[in-house]
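Residue numbers (this note's numbering): 1 to 132.
The C-beta atom is built at its ideal place from N, Cα and C for all residues, glycine as well.
Quick caveat: nothing in here was measured; it's all calculated off a predicted structure.
These notes are about the structure you will find just below.
Here it is as structure tokens:
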């Protein structure tokens, strides 16, 4: 394997680790977010459960409020990252070239897409009770 392939493999691996770490932290923030962002009549415990519920059933008019809040949390989390981590995460957006700019918008979208996937698959007893 060439040195370039080894380097790309290491960058991909580090990127996956950094991405998962950010996703876990955003999820934790959603679990501890103010309950004022939720529909109060569903009996769900936190904003994360509300988000998952709406992904798995129907999206309420308030979904755009949840989505905006999630993007704000993602943005805060990215702002807290060290530059080298952002460059590693941004590497996947490169076509050609040696300079690695930081793609904050692309990273935000990537993280949000991963949260959508995770939220669609997330399930617990409270969600089961509310959905069924």
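Selected residue, minimal CA-CA separation from residue i, among the options
i: residue 15; options: 49, 60, 43, 87; result: 87
i: residue 120; options: 103, 48, 9; result: 48
i: residue 90; options: 56, 104, 13, 26; result: 104
Neighbourhood of residue i by C-beta, 6 Å cutoff - its chain only, sequence neighbours within 5 removed
i: residue 29; result: 73
i: residue 33; result: 47
Cβ neighbours of residue i in the same chain (closer than 7 Å, five flanking residues each side left out)
i: residue 122; result: 52
i: residue 36; result: none
i: residue 85; result: 18
Residue environment, residue i, which counts as buried when at least 16 other CB atoms sit within 10 Å
i: residue 70; result: buried
i: residue 6; result: exposed
i: residue 23; result: buried
i: residue 83; result: exposed
i: residue 27; result: buried
Own chain partners of residue i with C-beta closer than 8 Å, once the 5 adjacent residues on each side are dropped
i: residue 66; result: 37, 47, 50, 51, 54
i: residue 39; result: 50, 60, 62
i: residue 135; result: The structure shown does not extend to residue 135, since the chain spans only 1 to 132, so no value can be given for it.
i: residue 118; result: 23, 27
i: residue 124; result: 49
C-beta neighbour in chain B for residue i, strict 9 Å
i: residue 93; result: Note that chain B does not occur in the displayed structure, where there is just one protein chain.
With three or more beta-carbon pairs closer than 8 Å as the criterion, would you say the segment 4 to 22 touches the segment 98 to 118?
yes
Taking contact to mean 3 or more Cβ pairs, one atom from each stretch, closer than 8 Å, check whether the segment 61 to 77 and the segment 103 to 111 are in contact.
yes
With a cut-off of 8 Å, do at least 3 Cβ pairs link the segment 39 to 49 to the segment 125 to 132?
yes
Please give the ranges of any alpha helix (DSSP H) in the segment 31 to 92, keeping only runs that are unbroken, at least 4 residues long and fully inside the region.
47 to 56, 63 to 79, 83 to 90
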